[in-house]
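Working notes for the structure below.
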Amino acid sequence: MSGLTPEAFRARFPLLATRVYVNSCSQGALSLDVESAIAAFTASWHAHGSPWDRWVGEVERLRTAFAATIGADADEIAVMPSASAAIGAIATALPFDGDRRQVVLGEFEFPTLAHIWLAQQRRGASIAWARSQGDTLSVDAYAAQIDERTLIVPATHVCFRNGFRLDVARLAALCRDRGAYVLLDDYQRTGTGPIDVHALGVDFMVTGTLKYLLGPSGVAFLYVRRALVERLEPFVTGWFGRVDPFAFALEPLDWSPTARRFEAGTPPVPNAYAAAAGLSLLQSVGLDVVERQVNRLVARFAEGVLTRGFDVATPADPARRGPLVVVRAADAGELVKRLDARGIIASSRGTGLRVSFHAYNNDEDVDAVLSALDAEASLICGAPCV
Ligand SMILES: Cc1ncc(COP(=O)(O)O)c(C=O)c1O
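Next up, the structure:
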């Protein structure tokens, strides 16, 4: 299967025949391909009992396939159980005892990102905040905080709460100039378009498979720039972080020369099967095609809600938004329930209704959501809601 059109891609998702699905920012829809991959895992378990060589080989194939989609090398990728575990591996590997011990956080982070770095205060980290201005977070707000004391700037590409997209290229260049590391949380964007981590110049990147990469929970990825891999040793480790896990040696505590050193225990094999199928399905469409389709749908929807005078939290500038558009509602939770009753699956965070698009969505989905919002307009803010 290659060169899938968005229409053929859409046909791989049974859910889309009966529902309008605009909640990929929470969980990607289930494809026939991912369903078959899960069945392939269980079949291999039934047939062979414990085919560990095959299963570990599947995880390695996933590592290589993911690396290729972000312009990285396979030895720069750790396969992790969650984005939190990936961020924690880097946080605990960094020293907070020198002149550079400051972490600069932005206000649009997913909570886990704040929690992990706040926890490092016990190890000597100090925290500074890049403050947002309303629904935007400028690189200038970061620039005001990053200086010769800054060790790392963990930053989220697309905000889960309002859909704002940070200018990561500018932030990475700024961090480089000032000698700070930058860790990109790309979870709310990966799978909706190409990225080249080497060209972007980030030191670390984390993401996971359950949203736009179309996989299940239980698999996340950590990219570590090659030159940094062998300088870092995390405080949480295990046998899969060793040079040769299958040597089964208690000592020495040697560290894999690759990013596998950030892994700990037995990899999540069933999830890896499913994640590989999701990735491969996306590749058969092509991430550039996916990006064009997502941008087109987001533009159509954003224009629709802005024209109606709804209070839209996501920037109108296409460069500052990703696959997610957020509309403020007096009771966003109730609005999600009302949309569900109309056959539309969306989600809410705080006062925001989240509507997110993938390449499997189409113009009819956009128009169906807009019509449903017209019908439920009494719940939507036309002027800023608090
Ligand atoms: C931007 C972002 N980062 C991190 C996470 C958390 O990922 P995990 O649960 O794998 O740690 C999420 C989850 O939705 C997210 O949206």
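In our numbering, the protein residues as written are 768 to 1153. All C-beta atoms in this analysis are idealised placements derived from N, C-alpha and C, irrespective of residue type, glycine included.
Around the C-beta of residue i, are 16 or more other C-beta atoms found within 10 angstroms, so that it is buried, or is it exposed?
{"i": "Ser1145", "result": "exposed"}
{"i": "Phe1002", "result": "exposed"}
{"i": "Gly946", "result": "exposed"}
{"i": "His813", "result": "exposed"}
{"i": "Ser1114", "result": "buried"}
{"i": "Pro798", "result": "The sequence given here places Ser at residue 798; Pro does not occur at that position. Buried: at least 16 other Cβ atoms inside 10 Å."}
{"i": "Pro1024", "result": "exposed"}
{"i": "Leu938", "result": "buried"}
{"i": "Glu1018", "result": "exposed"}
{"i": "Lys1104", "result": "exposed"}
{"i": "Ser1123", "result": "buried"}
{"i": "Trp819", "result": "exposed"}
{"i": "Asp1130", "result": "exposed"}
Does the beta carbon of residue i fall short of 7 Å from some heavy atom of ligand 1?
{"i": "Leu880", "result": "yes"}
{"i": "Gln955", "result": "yes"}
{"i": "Ala858", "result": "no"}
{"i": "Gly1071", "result": "no"}
{"i": "Ala850", "result": "yes"}
{"i": "Ala897", "result": "no"}
{"i": "Phe877", "result": "yes"}
{"i": "Thr785", "result": "no"}
{"i": "Phe927", "result": "yes"}
{"i": "Asp1141", "result": "no"}
{"i": "Gly975", "result": "yes"}
{"i": "Ala987", "result": "yes"}
{"i": "Thr923", "result": "yes"}
{"i": "Asp952", "result": "yes"}
Is the Cβ of residue i closer than 8 Å to any Cβ of chain C?
{"i": "Ala814", "result": "Reference to chain C is not applicable here, since this structure consists of a single protein chain."}
DSSP puts residue i in a beta bridge; with which residues?
{"i": "Ile1147", "result": "Ala1096"}
{"i": "Gly873", "result": "Ala897"}
{"i": "Arg993", "result": "Arg993 is not bridged to any residue."}
{"i": "Leu1120", "result": "Val1094, Ser1115"}
{"i": "Val787", "result": "Ile1111"}
{"i": "Thr809", "result": "Bridge partners of Thr809: none, in fact."}
{"i": "Pro1012", "result": "Paired residue(s): none; Pro1012 is not in a bridge."}
{"i": "Gly975", "result": "Ala987"}
{"i": "Ala922", "result": "Leu951"}
{"i": "Val1079", "result": "Val1094"}
{"i": "Thr903", "result": "Gln900"}
{"i": "Arg1088", "result": "Phe931"}
{"i": "Thr1074", "result": "Answer is none; Thr1074 lacks a bridge partner."}
Exercise. Starting from the N-terminal side, write out each stretch of the alpha helix (DSSP H) that is 4 residues or longer and does not extend beyond the region 925-966.
Key: 935-945
Practice problem: Taking 8 Å as the threshold, find out whether the region 1039-1056 comes into contact with the region 855-873 through three or more Cβ pairs. | Solution: no
Practice problem: Could you say if the region 828-848 and the region 985-992 meet the contact criterion of at least three C-beta pairs nearer than 8 Å? | Solution: yes
Quiz item: Can at least three beta-carbon pairs, one atom from the region 1098-1109 and one from the region 1069-1085, be found at a separation below 8 Å?
Solution: no
Quiz prompt | the region 1102-1121 touching the region 781-792, judged by at least three CB pairs closer than 8 Å | solution = yes
Quiz item: Touching or not, the region 954-973 and the region 1049-1063, by the rule of three or more beta carbon pairs under 8 Å?
Solution: yes
Quiz prompt | Three-pair Cβ contact test at 8 Å for the region 871-882 versus the region 920-929 | solution = yes
Quiz prompt | beta strand (DSSP E) segments (min. 3 residues) lying fully within the region 788-864 | solution = 844-847
Quiz prompt | Three-pair Cβ contact test at 8 Å for the region 866-873 versus the region 908-922 | solution = yes
Practice problem: Report yes or no: do three or more beta-carbon pairs, one from the region 769-779 and one from the region 1006-1015, lie closer than 8 Å? | Solution: no
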